[in-house]
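Taking it in order: structure first as structure tokens, then the write-up.
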Amino acid sequence: MSSLKIALAGVAGRMGRVLVEAVAANPATELSGALTRSGTKEIGLDAGYASGIDTGVCISDDIATALAGCDVLIDFSRPDATLPLLDYCAANGIKAVIGTTGFDDAGKAAIARAAEKTGIVFAANFSVGVNLSFHILDTVARVLNEGYDVEIIEAHHRHKIDAPSGTALRMGEVVAHALGRSLKDCAVYGREGQTGARDAQTIGFATVRGGDIVGDHTVLFAGEGERVEISHKASSRMTFAAGAVRAAVWLAQHPHGLFDMQDVLGLKTAA
Ligand code: NAD
8 MSSLKIALAG VAGRMGRVLV EAVAANPATE LSGALTRSGT KEIGLDAGYA
58 SGIDTGVCIS DDIATALAGC DVLIDFSRPD ATLPLLDYCA ANGIKAVIGT
108 TGFDDAGKAA IARAAEKTGI VFAANFSVGV NLSFHILDTV ARVLNEGYDV
158 EIIEAHHRHK IDAPSGTALR MGEVVAHALG RSLKDCAVYG REGQTGARDA
208 QTIGFATVRG GDIVGDHTVL FAGEGERVEI SHKASSRMTF AAGAVRAAVW
258 LAQHPHGLFD MQDVLGLKTA A
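Just so you know, we're using the working numbering here: the sequence shown kicks off at 8 and counts up by one.
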């Protein structure tokens, strides 16, 4: 069987550089294109420049060049870069794995529209452990549904530009859904000054930024006399990259539609 051809968007970024290694390491995939932002110094270099891998693929700032002949695009870039790429994928029958975070409601709606024409896996976090945590959180929240205050604490490296992380927000959505609440109505993003006593219906978020932290998330259920904490700590970006490549291989076998990592891992049917 011929390998699945993967194009990477955001190839010169922290995730993009690791994705080049993950595509090379997966026997089912090969790199066919690499896209970066216009005007960046990496244009024209081999996509494996950072890892010493000879991919034979030149980094380009032209969408048509980078996506030529690819089966699946893996995008870890910026929301404003992702959206035009999706139009191109939908028009050209290219499937897409989207790891970029920080989309607003209009951006999420654009992803759903593109998924009517092509297959998309969109996930705030591609690590297997985090997706298992989403699954566990649903169960924990349903059992601790009275008398437990829910707080979500996340920590990331100093370069991260959105907060709270997409993963923390997704954890909040899972818990809110299990408790019959809407995260939009009950989320509290940080506290300062005379806040008054805690409202039992809220889900609080706290964000830490610093150093090279790859990604830590804890959901705390604090009750009278006990606390339950569900924590995940990522120590390497390879966990996200390998998960995204696994999602691309899975997506190649599926028709158009919007999927997430729970679909890829088969966790949804077990929920
Ligand atoms: P980064 O800033 O290191 O890399 C982003 C890259 O995108 C940069 O190289 C930048 O030049 C490029 N880019 C920007 N505009 C572009 C454009 N118009 N066309 C092509 N490329 C463009 O960031 P990062 O740490 O690699 O993270 C990238 C994204 O992935 C972020 O949204 C981050 O939150 C997300 N992320 C998701 C997961 C997950 O599992 N879903 C894991 C880690 C990071």
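From the three backbone atoms N, C-alpha and C, an ideal C-beta is built for every residue, glycine too.
{"Asked": "Rounded separation between alanine 259 and valine 79 - CA only", "Found": "7 Å"}
{"Asked": "Limits of the alpha helix (DSSP H) - the one that arginine 24 falls within", "Found": "21-32"}
{"Asked": "Any 3 or more C-beta pairs closer than 8 Å across the segment 196-206 and the segment 178-187", "Found": "no"}
{"Asked": "Buried versus exposed, by CB contacts within 10 Å (16 or more), asparagine 152", "Found": "exposed"}
{"Asked": "Threonine 43 beta carbon near the ligand NAD (any heavy atom closer than 7 Å)", "Found": "yes"}
{"Asked": "Exposed unless 16 or more other CB atoms sit within 10 angstroms - verdict on lysine 191", "Found": "exposed"}
{"Asked": "Integer Cβ distance of leucine 15 from threonine 36, believed to fall under 8 Å", "Found": "That pair is no contact at about 11 Å."}
{"Asked": "Per-residue DSSP class, three states only, for alanine 251", "Found": "helix"}
{"Asked": "Touching by the beta-carbon criterion (3+ pairs, under 8 Å), the segment 52-66 and the segment 93-111", "Found": "no"}
{"Asked": "Residue closest to threonine 209, alpha-carbon to alpha-carbon, out of Gly273, Thr47, Ala229, Ile50", "Found": "Ala229"}
{"Asked": "Cβ separation of alanine 103 and threonine 125, assumed to be a contact under 8 Å, to the nearest whole Å", "Found": "7 Å"}
{"Asked": "Arginine 165: CB within 7 Å of a non-hydrogen atom of the ligand NAD", "Found": "no"}
{"Asked": "Limits of the unbroken beta strand (DSSP E) element including tyrosine 196", "Found": "194-196"}
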